[in-house]
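In the numbering used here, the protein residues as written are 2 to 483.
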């Protein structure tokens, strides 16, 4: 015999226990269900409340429509996506996810063939690490684009009938957005260029088409297997393959040697034509976000590079950078050396008095990032900074307790891990930052004294670990941890 459903008052009391205030119509709607469904829906509201009471309020007031459009499993997935966005962008970002209720319900109809970002993010993160260039983060967004430091991908993909094809679409999208960064799509500030045209959106669309043709040729050479998969996805979606796009007036003018500067010269010739439809994996351009991120990075990396140059000179000349003459500040040069693995076909080495010098830790990747942004190491980057405090910034300031968790220092130089939240019964992505800090040894006496003082406890700990190591066994998920 099943228990009777919760009454209006009982539901109200449970919501009060969660510190969640809702409209009476929400409670009245919940009284219509059997007790099992009521309990499940109330647990979802509690899950939201454990994150933020405002989040729970927003969910509860959309619950009636959500139940009409979706299964409970899909409602939970919808909530999980909102919680992920809340962790990164706050309540307003989560509300945007809640406002996509109809879209989520539509996607849920193809749930069996679709694939969510959460299912593939680990594989994609490992995949993107293997690609050249600066380290790229992965996040979800309504639009598919890159800001040159993060690749923003759909929270769920169900474009194709097979789950594997949808996974390949994620993979191809990652490669195409990476290619924009690696092959110099963002070497110029594009917003002023597009603004100079009467129809700036049309100009932006055409630049994207031209750039996709250029990148497609480069990907075909660099990653032929991925390129073949892109062709298959075009066939499945009945889109014209990028390599088959024909544009009047510029046929055969774009090849693997073409740069983004060359595309800007071609733009006036095609601007008045109707741009062709591109495949889903090409994403879109968000020039304002790219230019903001790029401007901040250029200033920061120029400063860091000049400090690194000063640090090298300080060690060679055995005097502080503040005492350098203007000529001494310019003694280090950067010489191009052939490197077929770089898009430009070369990389740089630092020289002092005609001899190669070993750059400090991190400068090699710093140089690579600078080249990725502007295609070279400009002469003004090779002027040593006056204070030469590269070492101080990299070792002292970043390790200072007051600065370590401020701004971007939270992530720079740290390894990011998921953290299990037992209240939500799910992981928080990149929530735990592990940072290795170098410590100077002050002798071994402390270690000896500690071992002697706790010798009995150490013996018990060793015995315990030996027992644990004696067998491998799988334990079920615990309610208060992994």
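Every residue, glycine too, gets a C-beta built ideally from N, C-alpha and C.
What does a CB cutoff of less than 8 Å around residue i pick up in its chain, not counting 5 residues either side in sequence?
i, result
"residue 346", "339 and 340"
"residue 367", "302, 305, 306 and 309"
"residue 230", "169, 172 and 173"
"residue 29", "9"
"residue 290", "146 and 148"
"residue 462", "none"
Could you say which of the options lies nearest to residue i if we only look at CA atoms?
i, options, result
"residue 295", "192, 314 and 358", "192"
"residue 422", "84, 59, 57 and 25", "84"
"residue 82", "68, 65, 70 and 120", "120"
"residue 115", "134, 78, 324 and 465", "78"
"residue 279", "209, 104, 427 and 312", "209"
"residue 24", "60, 7 and 41", "60"
"residue 385", "457, 136, 318 and 39", "318"
"residue 100", "324, 89, 132 and 66", "66"
"residue 327", "365, 387, 5 and 230", "387"
"residue 91", "80, 53, 124 and 71", "53"
"residue 348", "373, 329, 325 and 324", "373"
"residue 50", "454, 127, 137 and 424", "424"
"residue 14", "244, 43 and 277", "43"
"residue 94", "55, 281, 211 and 458", "55"
"residue 211", "263, 31 and 441", "263"
"residue 433", "417, 444 and 240", "417"
"residue 142", "245, 184, 150 and 86", "86"
"residue 274", "249, 290, 291 and 259", "249"
Residues in the same chain with beta-carbon distance under 7 Å from residue i, minus the five sequence neighbours each way, listed in chain order, please.
i, result
"residue 272", "198, 203, 204 and 207"
"residue 176", "220, 224 and 227"
"residue 251", "267, 270 and 271"
"residue 194", "265"
Distance, Cα to Cα, residue i vs residue j?
i, j, result
"residue 320", "residue 371", "28 Å"
"residue 293", "residue 147", "12 Å"
"residue 47", "residue 57", "7 Å"
"residue 379", "residue 299", "12 Å"
"residue 213", "residue 196", "21 Å"
"residue 68", "residue 97", "19 Å"
"residue 237", "residue 283", "15 Å"
"residue 152", "residue 182", "10 Å"
"residue 7", "residue 41", "12 Å"
"residue 217", "residue 200", "26 Å"
"residue 312", "residue 359", "12 Å"
"residue 19", "residue 88", "20 Å"
"residue 74", "residue 460", "49 Å"
"residue 261", "residue 161", "32 Å"
"residue 124", "residue 35", "40 Å"
"residue 102", "residue 344", "43 Å"
"residue 145", "residue 129", "16 Å"
"residue 134", "residue 450", "48 Å"
"residue 430", "residue 247", "43 Å"
"residue 316", "residue 233", "56 Å"
"residue 244", "residue 167", "22 Å"
"residue 342", "residue 377", "15 Å"
"residue 355", "residue 382", "18 Å"
"residue 5", "residue 435", "50 Å"
"residue 12", "residue 122", "37 Å"
"residue 325", "residue 184", "38 Å"
"residue 154", "residue 126", "12 Å"
"residue 33", "residue 163", "37 Å"
"residue 441", "residue 357", "31 Å"
"residue 454", "residue 362", "40 Å"
Could you round the C-beta distance between residue i and residue j to whole angstroms and report it? I think they count as a contact, below 8 Å.
i, j, result
"residue 62", "residue 27", "6 Å"
"residue 267", "residue 254", "6 Å"
"residue 351", "residue 335", "6 Å"
"residue 118", "residue 157", "7 Å"
"residue 189", "residue 132", "Wrong, their Cβ atoms sit about 23 Å apart, outside the cutoff."
"residue 437", "residue 428", "Wrong, their Cβ atoms sit about 23 Å apart, outside the cutoff."
"residue 353", "residue 375", "That belief does not hold up - the Cβ atoms of residue 353 and residue 375 are roughly 23 Å apart, past 8 Å."
"residue 70", "residue 106", "4 Å"
"residue 39", "residue 31", "6 Å"
"residue 257", "residue 297", "Not confirmed; about 31 Å, so no contact."
Skipping 5 residues on each side, what residues in its chain have a beta carbon closer than 6 Å to that of residue i?
i, result
"residue 179", "132"
"residue 330", "384 and 385"
"residue 288", "191 and 192"
"residue 235", "242 and 280"
"residue 364", "309"
"residue 186", "212 and 261"
Any heavy atom of the ligand NAP closer than 7 Å to the Cβ of residue i?
i, result
"residue 197", "This structure simply doesn't include the ligand NAP, nor any ligand for that matter."
For a minimum of 4 consecutive residues, which ranges assigned as the alpha helix (DSSP H) are wholly contained in the stretch 51 to 111?
54 to 61, 64 to 70, 73 to 90, 92 to 99 and 102 to 109
Which runs of the beta strand (DSSP E), 3 residues or longer, sit entirely within the stretch 425 to 465?
427 to 435
What runs of the alpha helix (DSSP H), each 4 residues or longer, lie entirely inside the stretch 287 to 348?
288 to 318 and 327 to 330
What alpha helix (DSSP H) runs, 4 residues minimum, are completely inside the stretch 199 to 269?
201 to 223 and 225 to 238
Within the stretch 121 to 195, note down every full beta strand (DSSP E) run reaching 3 residues or more, in order along the chain.
138 to 141 and 151 to 154
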